[in-house]
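Asks:
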Amino acid sequence: MKGNYEHYMQKEIHEQPDSLTTTMRGRLTSGEGGKPKGVVLGGLKEHVDTIRRSRRIIFIGCGTSYHAALASRQIIEQLSGVPVTMELASDLLDRQCPIFREDTAVFVSQSGETADTLLALEYAKKRGALCVGVTNTVGSAIARGTHCGVHINAGAEIGVASTKAYTSQIAVMTMIALALGQDSISNREMREAIIDDLLRLPEKVREVLKLDEAMRELARELVNEQSLLVFGRGYNYATALEAALKVKEVALMHSEGILAGEMKHGPLALVDETMPIIVLATRDAIQQKQQSVIQQLLARKGRLIIVCTEGDSVKMCPSGKAKVIEVPHIADCLQTVVNIVPLQLLSYHLTVLRGFNVDQPRNLAKSVTTE
Ligand code: F6R
Numbered sequence: 347m348k349g350n351y352e353h354y355m356q357k358e359i360h361e362q363p364d365s366l367t368t369t370m371r372g373r374l375t376s377g378e379g380g381k382p383k384g385v386v387l388g389g390l391k392e393h394v395d396t397i398r399r400s401r402r403i404i405f406i407g408c409g410t411s412y413h414a415a416l417a418s419r420q421i422i423e424q425l426s427g428v429p430v431t432m433e434l435a436s437d438l439l440d441r442q443c444p445i446f447r448e449d450t451a452v453f454v455s456q457s458g459e460t461a462d463t464l465l466a467l468e469y470a471k472k473r474g475a476l477c478v479g480v481t482n483t484v485g486s487a488i489a490r491g492t493h494c495g496v497h498i499n500a501g502a503e504i505g506v507a508s509t510k511a512y513t514s515q516i517a518v519m520t521m522i523a524l525a526l527g528q529d530s531i532s533n534r535e536m537r538e539a540i541i542d543d544l545l546r547l548p549e550k551v552r553e554v555l556k557l558d559e560a561m562r563e564l565a566r567e568l569v570n571e572q573s574l575l576v577f578g579r580g581y582n583y584a585t586a587l588e589a590a591l592k593v594k595e596v597a598l599m600h601s602e603g604i605l606a607g608e609m610k611h612g613p614l615a616l617v618d619e620t621m622p623i624i625v626l627a628t629r630d631a632i633q634q635k636q637q638s639v640i641q642q643l644l645a646r647k648g649r650l651i652i653v654c655t656e657g658d659s660v661k662m663c664p665s666g667k668a669k670v671i672e673v674p675h676i677a678d679c680l681q682t683v684v685n686i687v688p689l690q691l692l693s694y695h696l697t698v699l700r701g702f703n704v705d706q707p708r709n710l711a712k713s714v715t716t717e
């Protein structure tokens, strides 16, 4: 059922305008017909007040699902006012992390069957936390075992590397943030702007998918590299981690996502004229800081590929000494959805060019049911 596509991963990347539409269907009201702009999440309705009153929200997941949670952390904190902490499921269990009755634990899992996430769910339940599931699989162990939750409705994901589930997870968690902030008057304008942009998101993703050929071209340039660094910060730290994970798991190329704010604390030593570095520098509240990172990397003759907002090429790289990929602009909290798409395409094309199995990468399984 790959249709006109050669691989499931390719199909699933290109399906994202539709999967995002399905994820949001019936959940957002646009303000038309006299209804106020807002979000309705049936599976969470009864629990929204409890979550708002929590001492903290703990996001728990593995791999790409963890990255989706990380991408949503800031907007949940901003709109709910509740601090959010991040936990990789295996590490939470190794540390026997303290969890309390006043906590809300959110379990993010595409398959809903990942062993570490499932064990962390049992652990959190025993300690009395409210457990919320964000999964793509109705009837999965995590969907059944949590007290409440939201299905992402992204449709079956066959390729082992998660793509459309990632973007739909972020859309769902943004809607959760909106639901948690729904009663606040001070955030109203911001919430309404995010709703407008959620409704525009499928179209923006359709636009950014037009970069397919440009990403194939970039993959040709990078095909024989040993390593690829990806620098991001703020919302796009998650994009950097997720892009690097895609490149290593399918293209079997070493890649590392780096928090740009940490650059001077070690990674800068790797910069020379040969190491390819992707810098995520789209327009948002911290773009100026990324501008300064770019200048510092260029001053060290860094070989940069800059991902920036349409029309910002000259501003972000006045010297013209970097390759630039321009992407459409959207609300800060959703920019990571737009930004990951060209990097998914890059990892896909790198894999094909390097001759590796796209849909079933070496040593990996779609659902990790053992610890
Ligand atoms: C990477 C990938 C994995 C999964 C991880 C968790 O592309 O798919 O990192 O995200 O194994 O799986 P789920 O989301 O099913 O719990």
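The sequence shown begins at 347 in UniProt numbering and counts up one residue at a time. Beta carbons: idealized from backbone N, C-alpha and C, even for Gly. In this text, all values refer to a predicted model and were calculated from it rather than measured experimentally.
Since I believe Ala511 is in contact with Asn482 (beta carbons under 8 Å), could you give me their beta-carbon distance rounded to a whole number of angstroms?
Replies: 5 Å
Asks: Cβ of Gly372 less than 8 Å from any chain B Cβ?
Replies: Of the chains in the structure shown, none is chain B; there is only one protein chain.
Asks: Using beta-carbon positions only, say whether Thr431 and Arg402 come within less than 8 Å of one another.
Replies: yes
Asks: Does the Cβ of residue 720 lie closer than 7 Å to at least one heavy atom of ligand 1?
Replies: Outside the shown range of the chain, which is 347 to 717, sits residue 720, and nothing can be said about it.
Asks: Between the beta-carbon of Ser532 and the beta-carbon of Thr410, is there less than 8 Å?
Replies: no
Asks: So what does DSSP say about Met432, is it helix, strand or coil?
Replies: strand
Asks: Using DSSP with H/G/I as helix, E/B as strand and the rest coil, what is Val386?
Replies: coil
Asks: Given that a residue counts as buried once 16 or more other Cβ atoms are within 10 Å of its Cβ, and exposed if not, what is Phe405?
Replies: buried
Asks: Does the beta carbon of Gln456 fall short of 7 Å from some heavy atom of ligand 1?
Replies: For ligand 1, at least one heavy atom lies less than 7 Å from the Cβ of Gln456.
Asks: If you scan the UniProt domain "SIS" (564 to 707) from start to end, which runs of the alpha helix (DSSP H) of 4 or more residues do you find wholly inside it?
Replies: The qualifying runs are 581 to 597, 633 to 645, 659 to 662 and 678 to 700.
Asks: Given 7 Å as the limit, tell me if Val714 has its C-beta closer than that to any heavy atom belonging to ligand 1.
Replies: yes
Asks: Contact defined as beta carbons within less than 8 Å: I believe Lys667 pairs with Arg579. What is the distance between those atoms, to the nearest angstrom?
Replies: Contact doesn't hold; Cβ gap of about 21 Å is too wide.
Asks: Which class does Arg485 belong to by DSSP, given the choice of helix, strand or coil?
Replies: The sequence as given places Gly at residue 485; Arg does not occur at that position. Of the three classes helix, strand and coil, the one that applies to Gly485 here is coil, per DSSP.
Asks: Taking only the alpha-carbon atoms, compute the straight-line gap between Asp705 and Gly505 and give it to the nearest angstrom.
Replies: 5 Å
Asks: Relative to the alpha-carbon of Ser665, which residue among Val683, Leu374, Ile652 and Ile541 has its alpha-carbon at the smallest distance?
Replies: In terms of Cα proximity to Ser665, the closest of Val683, Leu374, Ile652 and Ile541 is Ile652.
Asks: Taking the straight line between their C-alpha atoms, what separation do you get for Thr585 and Leu524?
Replies: 21 Å
Asks: Could you spell out the range, first to last residue, of the alpha helix (DSSP H) harbouring Thr520?
Replies: Lys510 to Gly527
Asks: Helix, strand or coil, according to DSSP, for Gly379 in the structure here?
Replies: In the structure shown, Gly379 sits in a helix (DSSP, three-state: H, G or I).
Asks: Leaving out the 5 sequence neighbours to the left and right, which residues in its chain are closer than 7 Å to Arg629 when beta-carbon positions are compared?
Replies: Thr655, Asp658 and His675
Asks: Do the CB positions of Gln690 and Lys592 come within less than 8 Å of each other?
Replies: yes
Asks: Please indicate yes or no: does the CB of Leu587 lie closer than 7 Å to some heavy atom of ligand 1?
Replies: no
Asks: Does the Cβ of Gly479 have 16 or more other Cβ atoms within 10 Å, making it buried, or fewer, making it exposed?
Replies: With 16 or more other Cβ atoms within 10 Å, it is buried.
Asks: As a quick exercise: from Leu366, Gln633 and Val518, pick the residue whose alpha carbon is nearest that of Val385.
Replies: Val518
Asks: Compare the Cα-Cα distances from Arg371 to each of Gly501, Ile422 and Ala470 and report the closest residue.
Replies: Gly501
Asks: So for Val714, helix, strand or coil by DSSP?
Replies: coil
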